[in-house]
Structure formats: C-alpha cells, structure tokens
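Just so you know, this note's numbering puts the end of the sequence shown at 484, numbered straight through with nothing missing. Inspection log for the structure reproduced underneath, given as structure tokens.
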Amino acid sequence: MRIKLSDHFTYKKLIRFTLPSVMMMIFTSVYGVVDGIFVSNYVGKTPFAAINLIMPFLMILGAVGFMIGTGGTALVALTFGMGDDKKARRIFSLLVYIVIGLGAVISVLGIVFVEPVSRLLGASDEMLPYCVRYGRIILISLVAFMLQNVFQSFLVTAEKPTFGLVITVAAGCTNMVLDWLFMAVFKWGITGAALATMIAQCIGGIIPLIYFIMPNKSKLRLGRTRFDGRAVVKTCTNGSSEFMANISMSVVSMLYNFRLMKIVGENGVSTYGVLMYVNFIFIAAFLGFAIGSSPVVSFHYGAGNTDELKGFFRKSVRIIGIISAAMFTLAQVLAVPLANIFVGYDGELFSMTVRAFRICAFMFLLCGFNVCGSGFFTSLNNGLVSAVLSFGRTLVFQVLTVLVLPLVFGLDGIWLSVVAAEVLAFAMTLVFTVKNKNKYHYA
C-alpha cells in the first residue's frame, strides 16, 4: 500500500517509509567501500592513499547538489503541505535546472585545477599522478553525481522512496561489477576504479532525470518554470547545514590527512581512509532516516499538524537510540574482519586500523542524534539552527579536537578527536532542541 505524506505515521509506517532511504544511503556507502577494497588490494597502497587524499576535494564540488536536494525537499514538501501543488512542482523544476547548469561549470573548473589542488593537499610526487588521473575522470560525471544527490531526496518527496532505492542498487551493482572487471580482470588500475564510479554515477543521476521528464504518477514532474529568487535563497538556507556538513567533512578530512602524514606518513592516511569508508556505511543509516523522514516533517509542519510532529519526534528519538546502541556493538565486533578486508596484507597497517576503529566506534552512540537533529531543523525550514548544529559538529569541534588531543595522546588523539567532537555536538544539539520545542510544538 502506498504511503502518503499526509498519512498518520505509526512506528510501523514510519519505518516502512524511511527504510528505502536508509537502505539507499547504506548501499551508496557500500559500493563506495567496494571501490576502496579493490583499489587497496588490486592497485596498491599508494593509489589507495591518493584516492583518499583527493576525495575530499571531489566531495566539496558535489556538495552543491546535496544542499539543493535536502534544502529543496524541505521547501517543496512544505509547499505541498500548504496546498499549493503547482508552485511546489515549479520550484522543483527550477532547482533541477540550476543544478545542471552549476554542475557543468564546476566540472570544468575542477578538471582544470585538480593538479594544483592535489599538490596543495600534500600529495607526494609518487601520489600526484594517481590523484590527477582519478580526479579528472570522476569530474566528467559531476553533473550526474550532483543530480543523484538531488533526486535521492526528491524521490522521497515524490512518494517514490522505493524507486530511489532501486536506482541506487542498480548504480551500486554496476559499480561493483565494473570494479572487478576493470581492476581485477583488465588490470586498468586506478583508471578502472574511476571509470567504474563515473558510469555508476551516470546511472544514479540520469535515470531519475528521465523519469521526472517523462509523464509519471508521482507528485513531481519536470516542466516549465520561472526564476524565483526567494525560493532559491530559501532552498540554500534550508540546505546550508547539509552543504556545510559536506564541505566541513571534506576540509576536516584534509586536515586529518595532513596531520597523519606528519605523524605516521602514508600508513596513517590509509588507516583514516578505511575508517571513513566504514564510518560512511554506519552513519549512512542516520542520513537515510533524516532524508526519508524530512518530507514528512515539512509536510505536517506546513499543514499545521502539531500532533503528528509530536508523535514523529517521540518515535524518532527511540528509533535512533536503538540503532545507535546496535551500531556501537556491531562496530566493536567487526573491527578485525573489516580491517582485514582492506589492509590484511600489511601487518603494521592492520594493527593500526583495528585500534583506530575500536576507538572511533564510540562516536556511533551519539552521532545519530546529531545528524538527525540537524536534519530535523532543516525539515522545519529553520536553516540557521540546522547550519549552526552541522557547522559545529563537522568543522568547529572536529578542528578543535584534532588540533588539541594529539598533543596529549599522540596518534590515539587523532582517533579520540572524532569521539570528542560528537560529545560536544550532542550537548549543543540538546540545547537547541530544548530551546525550540515550544516554538515548533514537537515536544
């Protein structure tokens, strides 16, 4: 049975509606992890480190799509809740066209500047050609990557979360099969890894674009539009937290890599790369829940259904708490086998990775509340609070802790800084949640 945004959401219905988005984000992370596994095992440690070094730059360029997707979803769903379906579709079309235009410009600039940026990030002479080759191939499909980020959110607003999951699975399976074919069979090295990812991103971005261009039975369809500066500004404001999260995580990753290169060299960058790959999978569950539930919150807020907001808030806190405890336990259990999959060929690197992962696992107890807390305020169209929460969690606290803790704890301080940043972010999330509860009537 199709679930509508206007429905009353029980625990069962909320889980059913958000589960495709959760699975979609997890699967997206999984096929990114497969990339890392193949590069590390079939191409080598230096190319693996090179990808981890240039990846933050590539993620920064694609962050615009994620900002417009999450921010636009909140605005479009709110407009649906207010009963103006025609305006909602017009805003949706405008945002998609903007993403295509911006993506093309950013792609060209990225291809031109990827080499000097790689040097700026600290790439050694040995790593530089791998960074440049991988980066330029990936940037060819930047428009598709940005569209993929946009449609992951809008397919939920269109009440088609399962279709979004199908597209993601198709893209992911394509990426994994091509990884094996290009690297294990054809021996194309890092070029094969980049081509596999590029083709997968095209599937994830172009197929939904065709779907929304063609006549369909969803709530959304691409059509004629006109420029609406107020809607664009509101979208960017709503999505600023997600934009800052992507930018901040990328900047912080650069800082972590720089610190690790100074302390332990290439092995440290490789270990951090493994942590990021695995953390993406775990955190993806929370991101998926935030994406899947965002249109529900925006719709009922726009419609003035405060009872639904209260019910959603109460149920969400309980669901996130259960998932957080399960993730921490799972992370501790899987530390050894996961490290073995990535870097089992190097004893020193393996030991470092296992220790780092077990320390970082404590972050999973709190990060779900922080991620979904920021997403919740985005859904309420309060981009300022959402941005402050996201900016604090992903940049301010991360930078502060990674600069201070290694001075006290050495290498372990790098891994502890991730946990400490989540503790500080949780305190701030709690303050803003309590402060705004009477304004939005969600508790």
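C-beta atoms are modelled at their ideal positions from N, C-alpha and C, and glycine is treated no differently.
Complete alpha helix (DSSP H) runs within the segment 101-180 (minimum length 4 residues, chain order): The qualifying runs are 126-161.
Taking its Cβ as the centre, do 16 or more other Cβ atoms sit within 10 Å of Glu167, making it buried, or is it exposed? exposed
Met65 and Gly329 - do their beta-carbons sit closer together than 8 Å? Yes. Within cutoff.
Using 8 Å as the threshold, is the C-beta distance between Leu119 and Gly388 below it? no
Could you tell me the boundaries of the alpha helix (DSSP H) in which Lys478 lies? Leu452 to Tyr481
Please name the residue in Leu135, Leu452 and Gly414 whose C-alpha comes closest to that of Leu471. Gly414
Report yes or no: do the segment 266-286 and the segment 86-94 share at least 3 C-beta pairs separated by less than 8 Å? no
Among Phe284, Asn287 and Met187, which residue has its Cα nearest to the Cα of Ile244? The option with the nearest alpha carbon to Ile244 is Met187.
Is there contact here, the segment 129-146 with the segment 55-71, by at least three beta-carbon pairs under 8 Å? no
Pairs of beta-carbons, one from the segment 320-336 and one from the segment 447-457, closer than 8 Å: are there three or more? no
Contact between the segment 366-384 and the segment 283-303 (3+ Cβ pairs under 8 Å): no
Please list the terminal residues of the continuous alpha helix (DSSP H) segment that includes Gly213. Pro202 to Asp220
Candidates Leu444, Leu452, Val460 and Val426: which alpha carbon is nearest Lys478's? Val426
State the start and end residues of the unbroken alpha helix (DSSP H) segment that holds Ile400. It spans Gly388 to Cys401 - the alpha helix (DSSP H) in which Ile400 sits, taken as one unbroken run.
From the DSSP output, in three-state form, read off Gly362 for me. helix
N-terminal and C-terminal residue of the alpha helix (DSSP H) that Lys19 is part of: No answer is possible for residue 19: it lies beyond the span of the chain, which begins at 42 and ends at 484.
How big is the Cα-Cα spacing for Arg57 and Lys45? 12 Å
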